[in-house]
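**Student:** What follows is a single structure, and I will ask about it in a moment.
What follows is the structure, given as structure tokens:
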């Protein structure tokens, strides 16, 4: 975990969690997250059984050029939608925080790297049924929030269980070895860049897909 937005949310979640496996939804106070609130979202299982956005910060909606309330989380991803759905459901049932590294693509050929943190929440004393999350770009780019992202491609998933113990463990989880749980070689993002570059070449569009 490298970015201030995702680190701040994880530290806040850890602090309000105390000794519980996950904090209660009622413990989350938006005013305590005012510095990052525009990049924060809340997922829950909707009536259809899909895991969808209950809330999404303004910056996230600007990134995708639409209001995400009620939109299934898996719909943001290029492929592997069932895998994304199962992954999110598994984080709830196992009360396990995770960090996702992804690449976002636009129809104009832009791409950028993102960190996405997913943190389980409980509605009552028994089980986790929501995910508190944040999405942050790795590098600020002038086109972000102006040119909408069309989809995300998953690069890596990492468990954050290393950071649930002592302060030393938290430091190691943020800045030490990454301990990847899941990684593709080559990554989906690399594959998508090649596919999109070929499409641009096929239609005579000059230049290749940019990677910011």
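In this note's numbering, the protein residues as written are 580 to 791.
By construction, the Cβ of each residue, glycine as well, lies at the ideal position given by its N, Cα and C atoms.
Computed from a predicted model, the values in this text were never measured in an experiment.
(1) Could you give the residue range of the alpha helix (DSSP H) that holds residue 623?
(2) If you draw a straight line from the alpha carbon of residue 613 to that of residue 585, how long is it in whole angstroms?
(3) Would residue 655 and residue 676 be called neighbours here (beta carbons separated by less than 8 Å)?
(4) Between the C-alpha atoms of residue 794 and residue 588, what's the straight-line distance to the nearest angstrom?
(5) So, residue 794 versus residue 653, is the Cβ gap smaller than 8 Å?
(6) Can you have a look at residue 696 and say buried or exposed, based on whether 16 or more other CB atoms are within 10 angstroms of its CB?
(7) Are residue 715 and residue 730 close, meaning C-beta to C-beta below 8 Å?
(8) Could you spell out the range, first to last residue, of the beta strand (DSSP E) harbouring residue 708?
(9) Nearest-angstrom Cα distance between residue 717 and residue 631?
(10) Using the three-state DSSP reduction, which class does residue 592 fall into: helix, strand or coil?
(11) Taking C-beta to C-beta, are residue 629 and residue 621 nearer than 8 Å?
(12) Nearest CA to the CA of residue 608: which residue from 666, 725, 592, 642?
(13) Exposed or buried, residue 662, counting other C-beta atoms within 10 Å across all chains shown (16 or more means buried)?
(14) Would you kindly report the start and end of the unbroken alpha helix (DSSP H) that includes residue 637?
(15) Taking DSSP as the reference, what is the three-state secondary structure of residue 729?
(16) Just how far apart, CA to CA, sit residue 651 and residue 683?
(17) Need the endpoints of the alpha helix (DSSP H) that residue 664 sits in, please.
**Tutor:** Working from what's here:
(1) Sequence index remark: in the chain shown, residue 623 carries index 44 (1-based). Segment 619-624 is the beta strand (DSSP E) holding residue 623; no alpha helix (DSSP H) there.
(2) Taking the chain shown and counting its residues from 1, one reaches residue 613 at position 34. Taking the chain shown and counting its residues from 1, one reaches residue 585 at position 6. In a straight line, the C-alpha of residue 613 is about 14 Å away from that of residue 585.
(3) Here residue 655 refers to the residue found at position 76 when the chain shown is read from its first residue. Here residue 676 refers to the residue found at position 97 when the chain shown is read from its first residue. Taking 8 Å as the Cβ cut-off, residue 655 and residue 676 do not qualify as a contacting pair.
(4) Outside the shown range of the chain, which is 580 to 791, sits residue 794, and nothing can be said about it.
(5) No information on residue 794 is available, as it lies outside the stretch 580 to 791 that the chain covers here.
(6) Reading the chain shown from its first residue, position 117 is the one you call residue 696. Buried is the call here.
(7) The sequence position of residue 715 within the chain shown is 136, counting from 1. The sequence position of residue 730 within the chain shown is 151, counting from 1. No.
(8) Here residue 708 is taken as the residue at index 129 of the chain shown, counted from 1. Here the beta strand (DSSP E) through residue 708 covers 707-716.
(9) Translated into the one-based positions of the chain shown, residue 717 becomes position 138. Translated into the one-based positions of the chain shown, residue 631 becomes position 52. If I take the Cα positions, the gap works out to 24 Å.
(10) Reading the chain shown from its first residue, position 13 is the one you call residue 592. Three-state DSSP puts residue 592 in a helix.
(11) On the chain shown, position 50 is the one that residue 629 refers to. On the chain shown, position 42 is the one that residue 621 refers to. No.
(12) Taking the chain shown and counting its residues from 1, the one referred to as residue 608 is at position 29. The shortest Cα separation from residue 608 among 666, 725, 592, 642 belongs to 592.
(13) Looking up residue 662 in the chain shown gives position 83. Per the 10 Å Cβ criterion, exposed.
(14) On the chain shown, residue 637 is found 58 positions in, with the first residue counted as 1. Start and end: 637-643.
(15) Along the chain shown, read from residue 1 onward, the residue named residue 729 stands at position 150. Three-state result, residue 729: strand.
(16) Position 72 of the chain shown holds residue 651. Position 104 of the chain shown holds residue 683. If you take the alpha carbons of residue 651 and residue 683, they lie about 17 Å apart.
(17) Residue mapping note: residue 664 aligns to position 85 of the chain shown, counting from 1. Where residue 664 is concerned, the enclosing alpha helix (DSSP H) stretches over 660-673.
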